[in-house]
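S.K.: Attaching a single structure in structure tokens format; questions to follow.
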Amino acid sequence: MEKLRLIKGWKTLLLLFCMSLFSASIFAQGTTLRGKVVDQKGEPLIGAKVAVTASPATATATSVTGDFSLRVPAGTNKITISFVGYVSLDVNITPGKSDLGQIPLAQDQTNLNEVVVVGYGTLKRADVTGTVATVDAKSLQEVPSANVFQQLQGKVAGLDVTYNTGGSPSITIRGNRTISNPGADGPLVVVDGSPYGQDITTINPNDIKTVDVLKGASATAIYGSRGSGGVILVTTNRGRVGQTVTGYDAYYGINTLEGELHMLNGTQYNQLKYDGIEGGYLQAGAQSPQAAYPLTTTEQQALAAGISTDYVKLLDHNAYTLDQNLRISSGTEKTQFNVGMGYRINTDLESSALNTKRVRLNASIDHKINDIIKFGINIDESLTMTNGGYGGQFGTAQWLSPLSYPYNADGSVNPLPVVGTLDGSTRSPLFARTMPDVFYNYNRNTVSNNILYAQVDPVKHLSYRYTVNYQMAQGNGNSYNGINGVDLLTIAKTTAQTNNSASYRLYQQHSLTYDNTFAQKHHVNFVAVFETTKNHSESSFIQASGIPEDANKNANLGLGTFTNDGGSFIETGLISYVGRLNYAFANKYDLTGTMRWDGNSPLATGHQWTSYPSIGLGWVISNEAFMQKYNGVIDNLKLRAGFGQTSSTATAGAYGTLGQLSSSKFQYGGGSAGDAAGVRVTSLVNTNLTWQRTAEYNIALDFALFKSRLTGSIEVYQQKTTGIILNNNLPATLGANSQPTNLGASSDRGLEISLSSINVQNKGGFSWNTDFNIAFNRERIDALPNGGLINIGNGQFVGQPLSVIYDIRKIGIWQLSDATQTNSTVINPQTNQPYLISGAVRGQTSPLQYPGQVRAQDVNGDGKIDANDNQFIGHFNPNYTFGLTNRFSYKNFDLSIVIQARMAFTTTMPYVASANSATNGWQYLNLGRHNQPYIPYWTPATPNNQFPEPNDLTQSPFQSSLQYFDGSFIRAKSINLGYTLPSNLLKRIGVASLRVYANVTNPFFIYAPIRNHGVYVPDAESVSGVGGQIVGPSTSGNIAGAGTAYGLVAGEQTRDFVFGINARF
Amino acid sequence: MKILNKTSIAIVTAVVLTSTFSCKKLLVEKPEAQLYPDYFSTAGGIQAGVTGVYNDLRGFYSGEPIDLMEGTDEALFGSQQSTGALPYDTYNGLNSSNTPGFGGLWSDINTLNGVIQYATASTALDATTKAQLIGQAKFLRGFIYFRLVQTYGGVTATQPSGIPLHTTFITVASTADAPAKLTDIYALIIQDFTDAAAGLSNTINPAFGNGTTGKTATSAVAQAYLAKALLTRGYTEAAQSTDFTQAATITQNLITNKATYGLDLWQDYNDAMKEANDYGKENMFGIDYGIGTADAAYSGYTLQGSGGYGLNELMVLWRWNYISNAGIDNVAGVDQVPQKIGGPSPMQRDVYNARPYGRLEPNPAYIQKVFNDANQIRDTRFDATFQTFWINNVSVRAGKTSTGGSKPQLKPTSNFSQTSYNIPVDGDTAVLMPNAAQSAATTMARRDAFPGLIVTQAQWSNAIFPTVKKFDELQRTYMNDFSGRPIILLRFSEVYLINAEANYMAGNAAAAVASLNVLRARAAYRVPADGAQIPAGQFRVTAANQAAMNAANAAANQLSPAEVALMSIPNITTGTTPDACGMDVILDEYTREYMGESRRWFDLVRTQQLVRRVKIYNPNARNNVQPYHMRRAIPQSLIDAVLSGPKYPQNNGY
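Protein chains in written order, with the numbering used here: chain D, 1 to 1065; chain W, 10001 to 10654.
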């Protein structure tokens, strides 16, 4: 064990490594040991050092296949295997056994010698004072996905990924800061040193080498005006010196709908109508002679025939994903290159003809002309083609009456299955896919990201680098809706649209780096940067109707009549000066100071330039003399503290201060005269706007214990954001209602713990390690505009989280026994059935309520439920989030399980509360016009305290109070089981290594209380069309309450079964 | 080192190339896709400011202006009243439905101030165009201030104006503002209208409409509004002694010179309300919506759909729910209210009958008085205003008789359509609302014999009432569409009424009587074709008796001796005795002429009759109405937004 000390310190390691290159043949006698060094996934580690423990000079390095062969002296009983970035391993030698087989090494999560990307350069991890969390490609690829943000879920403490409607991810790091605009708090994404302006999904996750997440202002202040939301630094693969490595990675996945709402079946739907009448009598007396939407003749027929159509089932079929990637990289001392290409197709759950195809190319070259000059280029191209023509039918599929016939007698789709009802003109969700040519929606997007650099190192320790980045994106959308013979019948009504968008970003950077160590103790790293960025985007669209025939689609809109058109144009500029000094003394004390000056065009003239300072301190306690006695137990102990200031540019856009005129066209003399240009002054020139500012303190303790078997860090932070850009209400008499102004303040404080442990290290071929992270964040509004304390309409209260629910609280359902009288019954003339009628419940004078209705908590006990009874019901931000990844390996098998959790927050389940509407959402508790999810509602025969009785006459009051649920969940994100084929098998076919794996993404939930209430996917309801109908509390019983629409959002979450290979040649 | 040199040159070249975008330029914003205030420095921008305000008025007058009708003598709320209904109990500054105009109209004023400032200084405009543009801008500014001051401004000597006065272009935000003096506001309005009357052309200038469609301001419009502003000021603390006489003089001149301005009355009141005459000689100023417009981008409204703003919704507000409430079971012994509502409905929605909003009920106590049977014979205006019968359009058995027997199957119209405005040509009457005499003669036997439902005058309720039909639009292609007809804000007939009112207030009773009698005479005129739209059994003319009947009715419809006598009794604003002064005669005449148009609240407030007439006629509001209700509450949002300087005062009483 004590011999492990020998390899402590990177210098020793490097020295040994170099020696090993010419030491292999020194020993003439003894035995030759063979083996293969691999990582936890069974992939070969090339160039790992294998040395005799007792005699480190006897050593070798592994080949491109990870194999080694080492002649050792007789009597050798132990060898040590080491590799940069991995925990060294001692292997016992059994006499007579020369083939050691596959030897897996575990990754070292906090290797102090590791070089980490910190923005505008790199630093040794030992010298870093800010917070940088690194996730490498292997860890990312444990979740097969087209989107790196999805792969990051649960991997980094404090990084929270949620989904917006439509499934695009929304990311926050260390909570929300911007009152009223939490979407503005996302991180800056930097790809290969250049800020990335495009959707991150255009970057192929297979091209990503590492992701570094900068958290806290002391780390992100170097990005100044864009640093408040954290910074995600993505580094893509580059060529390496050595043999040519060819990699082929591919997987095929079957995607299934991850849970769906349980809709009422035909019988239950019929019962709902009965219960709706019953509710009408019970709660409103004898005023309800008939169901508001009685069963039609067809529905009655279907009921008698036992028909119960589940349109979702009929619509849904499994989709697939095919993802293939090829990568070739190689290099000499002078030139290295990397070429990668990827092709991915994934289809829609509704039809395999609806799909998204992605083609992505990635290439880099680095060339050293001589010792002074080197240059390189890095290009990343992507083409995304989406055919989404007739998707999005799940919403309709859910609400259509189950008592309807989906198919005609001849087997064709019945286009209007609910004809005869109020929704008779609703097309069957199954219909559109029978006519793909008339439901046409095709999008094509290309993104090209090109980075060119040249580096000059004129003298030792000094380096100048010039980088230019040209990013370009173009999007083209085409849609057409033709005559379908069902609800679109004439050429005049056909519509077509073409839209085009283009954007580019021109970025250049001059940077000067000085790095030197004086007197062996003083290490200085100084960076100075000047950079400019120009962003340009433009778009145009044109719509027409009256397209003559389907063949035209949207190719020539001039064939029809233009109905709408428009365009946009945005240009912004950013100029920055950046400086950073990092000073380390004796590997014990670190100091980092940064300063950035940003000039941003969207701000008011005179307020465009701002500066962002930060300072960071580090103390490597474990390097102190007094700590040496703990050596072997405490391998590393480092205390870090920092302070910095940052802004967010997402809070105000281009031209926002110039006082844009509103377009207000008018037709003098009727439509035949055409539109005359018209404008109105509705906003005023803004002369004072500047960015909001976040100041953050960060204290952290990094540690590595028990020979680095347990590593991790604990971080505490506090943020204060001031001058938040909010609309200030102006006196309307000035001609403008409001103006964005720097008002409002918020604060966040939090605790983050990250742990990595090697639980079992190659015991009998078995290894097990664990990564765990947990983040607690508390956000709070410190100030609202003009000294206000509450803004009920927006759910903002000083002292509370940024968005809270303020509403009355449901404490149950009024029961029959609560009513003054419930004994009489009335015979309904239409159904000839008796119905119970009831008096109002006792003890509540306003509003009068009846059994089966929501019972609200009367906070002040005055017998009235009104605005005075509103209370805080919950908040939308989770109190804590955590992630847990376990990796196991046994011989050639490896297994990883990723778990992700968001805990202690309230979410809204809108469909139990939405108001009556024609075609969106549900009318639960009201009218029964549409089918709806199964919910255990109250009836006199089956009383409960969960949901009120349906009522076809009036909607039960306080329905918004039904929608709030504990949104906490712990989900298994991914299970990945791999097997690496034995190398002797592969050698014959010229394959260096081959791993096959099976993966399940989103396999199951471990904990999610909301699933007891009919919701199957707590972080995004698995259907479209549901999320849009979140009910504001003020619509409930006319009591002004507060709340913002954060809750379940529509999105088709899938559970994926994936089979893949990783091959190296 | 040769390579070094080459490469160095390449690098330096690259740096220079990419540095060509200058740093300072990067921070200068040059928007291209939108318009910014520098647009006003062009000739097109100045005109666009005027155009933008005209368009905004479309949005302002669209929607449901029920606050100007409910809570007056003319209207009670219907069974489907929307929130913010106004029997004065919810009248406050928090409820935006009774604090209209804040926001949009002030943006209009600021826009017009910009137009006037830039146009005055402009060298890009020729003198004629400049005069026209400034004339339009001043007219619109005066018009909007006039509207605002009538809504929020004082009517007694102790109250201030309620609104600020801004006459210069505001470009920088502030959190201070204060109300101006009422005299200053009226001075600006009168000055603006005076300037506009001088600057605008006599008929519509080609730059602002082609004169046959579109009703923008002309000199005559400005003069009429000048008269109306003077008339209105005459009642206020800011009154000047000549206000009434000046108003009378201006209107008399307009009447005398009507040919100059292309203005006149139609011979038949029915013609004045017809869609075909919306842009004819009698209508002076209106808000355009684009007849039958199919341009969704302009109207903001998808035809055959819903949503959006920008269309005339007046046509649906006074429409009872003829679909749900037309049940026709008779109940033995129940000859009055309620008829039992039940059974299948004999009516379904179609384009002719349109969408029933049921917001407003014509106030029976008042409407049955001013449009009484005698009036109805000699005065065509009730028949021109109200729909009182509905032709069956569903094939159903028409309910039960009072003895439980089945009524016969109703015969539906053969001209039913949900896609075009088809006047029913046959079919049984599903619902009939007879006049007073016929109502009195409706027995249970008559009800049982009648195939449909009879609603007598006593049975009018907030759910069942005659529908105001004067806003019907013939070009609609979907039963739920609103109207694309203009909302007429000023008819030439009003010039006679302003003249009458001003003369009455100035003490010239004879001149007032003469002006009223012009309208009375016109109202008596009928043609046989008008009879198609009134129920069988009511008075109509034939080709044979037309001349004689019209002459007789015109004579009978002149002000009665009693009414003439009242015209000499000055305005009485207190008490609850009906028909006590000449103002009662004048206000009754406003109702007959303009029933259903969104203006009654202004007429009652101007004449200081709101409290008295509401107490006499409106059972819903009479216990709530107070003198301070003659001005609206200042929106709380304005009071909350004034953060520097003195606190913005709320109007008294709120």
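For each residue, glycine too, the CB sits at the ideal point set by N, CA and C.
#1: Cutting at 7 Å between CB atoms, please list the residues of its own chain near residue 623/D, excluding the five before and the five after it.
#2: Can you check whether the C-beta of residue 1078/D is within less than 8 Å of a C-beta belonging to chain W?
#3: Would you check if the distance between the CB atom of residue 10608/W and the CB atom of residue 10573/W is smaller than 8 Å?
#4: Within the continuous alpha helix (DSSP H) that includes residue 10382/W, where are the two ends?
#5: Let me check understanding here. Comparing Cα to Cα, which of 1012/D, 885/D, 1001/D, 1062/D lies closest to residue 1054/D?
#6: Tell me, to the nearest whole angstrom, how far the beta carbon of residue 10503/W is from that of residue 10248/W; I am working on the premise that it is less than 8 Å.
#7: Does chain D have any CB closer than 8 Å to the CB of residue 10640/W?
#8: Could you give the distance in angstroms between the alpha-carbon of residue 979/D and the alpha-carbon of residue 705/D?
#9: Would you check if there are 3 or more beta carbon pairs closer than 8 Å linking the stretch 10499-10517 of chain W to the stretch 10576-10594 of chain W?
#10: Thinking C-alpha only, which one of 10106/W, 10622/W, 10498/W, 10260/W is nearest residue 10587/W?
#11: What are the boundary residues of the alpha helix (DSSP H) that residue 991/D is part of?
#12: Report the residue from 854/D, 883/D, 1008/D, 1017/D whose alpha carbon sits nearest the alpha carbon of residue 958/D.
#13: Looking only at its own chain, which residues have a Cβ that is under 8 Å from the Cβ of residue 10133/W, when we skip the five neighbours before and after it?
#14: Residue 10273/W and residue 10384/W look like a contact to me (Cβ under 8 Å); what is the Cβ gap, rounded to whole Å?
#15: What does a CB cutoff of less than 6 Å around residue 10238/W pick up in its chain, not counting 5 residues either side in sequence?
#16: Helix, strand or coil: which one does DSSP assign to residue 10428/W?
#17: Please say whether residue 685/D and residue 659/D have beta carbons closer to each other than 8 Å?
#18: Could you work out which residue in 10433/W, 10389/W, 10489/W, 10458/W is closest to residue 10427/W when comparing CA atoms only?
#19: Could you tell me the boundaries of the beta strand (DSSP E) in which residue 585/D lies?
#20: Let me know the secondary structure DSSP gives residue 61/D once reduced to three states.
#21: What separation, rounded to the nearest whole angstrom, lies between the Cα atoms of residue 969/D and residue 755/D?
#22: With distances taken from CA atoms, which of 72/D, 106/D, 73/D is nearest residue 83/D?
#23: Exposed or buried, which one is residue 10597/W when buried takes at least 16 other CB atoms within 10 Å?
#24: Determine, for residue 145/D, whether the minimum Cβ-Cβ distance to residues of chain W falls below 8 Å.
#25: Compare the C-alpha of residue 972/D against each of 982/D, 902/D, 954/D and name the closest.
#26: With contact counted as at least three CB pairs below 8 Å, one residue from each stretch, are the stretch 10431-10440 of chain W and the stretch 10541-10554 of chain W in contact?
#27: Return the residue from the list 33/D, 420/D, 80/D that minimises the CA-CA distance to residue 72/D.
#28: With DSSP as the reference, label residue 10419/W as helix, strand or coil.
#29: Just to confirm before moving on: does the CB-CB distance between residue 45/D and residue 119/D stay below 8 Å?
#30: Considering only the alpha carbon of each residue, which of 960/D, 676/D, 845/D lies closest to residue 806/D?
#31: Using the beta-carbon of each residue, which ones in chain D are nearer than 8 Å to residue 10027/W?
#32: Using a Cβ-Cβ distance under 8 Å, would residue 10116/W count as near chain D?
#33: For residue 10471/W, return the contacting residues in chain D, with the cut-off set at a CB-CB distance below 9 Å.
#34: Can you tell me where the alpha helix (DSSP H) with residue 633/D in it begins and where it stops?
#35: Three or more C-beta pairs under 8 Å: does that hold for the stretch 10636-10652 of chain W against the stretch 725-735 of chain D?
#36: Residue 399/D: which of 417/D, 621/D, 385/D sits nearest, CA to CA?
M.R.: Taking the structure as given:
#1: Working through the first sequence from its first residue, we reach residue 623/D at position 623. Excluding sequence neighbours, residue 623/D sits near 587, 588.
#2: Summary: the structure shown does not reach residue 1078/D, with chain D confined to residues 1 through 1065, and so no result is reported for it.
#3: Translated into positions along the second sequence, residue 10608/W becomes position 608. Translated into positions along the second sequence, residue 10573/W becomes position 573. Result yes, Cβ atoms of residue 10608/W and residue 10573/W sit closer than 8 Å.
#4: Numbered from its first residue, the second sequence carries residue 10382/W at position 382. From DSSP, the alpha helix (DSSP H) with residue 10382/W extends over 10381-10385.
#5: Indexing the first sequence from 1 puts residue 1054/D at position 1054. When only C-alpha atoms are compared, the closest one is 1001/D.
#6: To locate residue 10503/W, count along the second sequence from 1; it is residue 503. To locate residue 10248/W, count along the second sequence from 1; it is residue 248. Contact between residue 10503/W and residue 10248/W holds, since their C-beta atoms are separated by about 5 Å, short of 8 Å.
#7: Translated into the one-based positions of the second sequence, residue 10640/W becomes position 640. Contact of residue 10640/W with chain D is assigned, a C-beta pair being separated by under 8 Å.
#8: Walking along the first sequence from the start, residue 979/D turns up at place 979. Walking along the first sequence from the start, residue 705/D turns up at place 705. Whole-angstrom Cα-Cα distance: 31 Å.
#9: Under the Cβ criterion (8 Å, minimum of three pairs), the stretch 10499-10517 of chain W counts as touching the stretch 10576-10594 of chain W.
#10: By one-based count along the second sequence, residue 10587/W stands at place 587. Cα-wise, what sits closest to residue 10587/W is 10498/W.
#11: Along the first sequence, read from residue 1 onward, the residue named residue 991/D stands at position 991. First-last for residue 991/D: undefined, no H or E at that position.
#12: Position 958 of the first sequence, counted from the start, is the residue given in the question as residue 958/D. The option with the nearest alpha carbon to residue 958/D is 854/D.
#13: Position 133 of the second sequence, counting from 1, holds the residue named residue 10133/W. Counting only Cβ-Cβ distances below 8 Å, and skipping sequence neighbours, we find 10046, 10047, 10050, 10115, 10119, 10125.
#14: Translated into positions along the second sequence, residue 10273/W becomes position 273. Translated into positions along the second sequence, residue 10384/W becomes position 384. Under the criterion of beta carbons closer than 8 Å, residue 10273/W and residue 10384/W qualify as touching, at roughly 6 Å.
#15: The residue you call residue 10238/W lines up with position 238 of the second sequence. Leaving aside the five residues that flank residue 10238/W on each side, the residues in its chain whose CB is nearer than 6 Å to its CB run, in chain order, 10182, 10183, 10186.
#16: The residue given as residue 10428/W occupies position 428 in the second sequence. Coil, per DSSP.
#17: Counted from its first residue, the first sequence places residue 659/D at position 659. Counted from its first residue, the first sequence places residue 685/D at position 685. Against a cut-off of 8 Å, the Cβ pair of residue 685/D and residue 659/D comes out as a contact.
#18: Counted from its first residue, the second sequence places residue 10427/W at position 427. Closest option to residue 10427/W, Cα to Cα, is 10389/W.
#19: Stepping through the first sequence from its first residue, residue 585/D is reached at position 585. Residues 561-585.
#20: Within the first sequence, numbered from 1, the residue matching residue 61/D stands at position 61. Note: residue 61/D maps to strand in three-state DSSP.
#21: Reading the first sequence from its first residue, position 969 is the one you call residue 969/D. Reading the first sequence from its first residue, position 755 is the one you call residue 755/D. Near 21 Å, if we compare the C-alpha coordinates of residue 755/D and residue 969/D.
#22: What you label residue 83/D is simply residue 83 of the first sequence in a count that begins at 1. Of the candidates 72/D, 106/D, 73/D, the one whose C-alpha sits nearest the C-alpha of residue 83/D is 106/D.
#23: Locating residue 10597/W in the second sequence gives position 597, where the first residue counts as 1. Flag for residue 10597/W reads buried.
#24: Locating residue 145/D in the first sequence gives position 145, counting from the first residue. Not closer than 8 Å to any Cβ of chain W, the Cβ of residue 145/D fails to qualify, so no.
#25: As a first step, residue 972/D is located in the first sequence; it is residue number 972 there, counting from the start. Nearest C-alpha to residue 972/D: 902/D.
#26: Because the criterion of three Cβ pairs below 8 Å is not met, the stretch 10431-10440 of chain W and the stretch 10541-10554 of chain W do not touch.
#27: Taking the first residue of the first sequence as 1, we reach residue 72/D at position 72. Taking each of 33/D, 420/D, 80/D in turn and checking the Cα distance to residue 72/D, the smallest one comes out for 33/D.
#28: Walking along the second sequence from the start, residue 10419/W turns up at place 419. In this structure, residue 10419/W counts as coil in the three-state DSSP scheme.
#29: Along the first sequence, read from residue 1 onward, the residue named residue 45/D stands at position 45. Along the first sequence, read from residue 1 onward, the residue named residue 119/D stands at position 119. The answer is no: Cβ separation not under 8 Å.
#30: In the first sequence, residue 806/D corresponds to position 806, counting from 1. Across the set 960/D, 676/D, 845/D, the C-alpha of 960/D shows the shortest separation from the C-alpha of residue 806/D.
#31: For the purposes of this step, residue 10027/W is identified with residue 27 of the second sequence, where counting begins at 1. Under the 8 Å cutoff, chain D gives 573, 575, 599, 600, 601, 608.
#32: Your numbering for residue 10116/W matches position 116 in the second sequence. False, the Cβ-Cβ gap to chain D never drops below 8 Å.
#33: Mapped onto the second sequence, residue 10471/W falls at position 471. None at all; the shortest Cβ gap to chain D is about 18 Å.
#34: Translated into the one-based positions of the first sequence, residue 633/D becomes position 633. The continuous stretches of alpha helix (DSSP H) do not include residue 633/D, and DSSP gives it neither H nor E.
#35: Yes, they touch.
#36: Position 399 of the first sequence, counted from the start, is the residue given in the question as residue 399/D. Answer by Cα proximity: 417/D.
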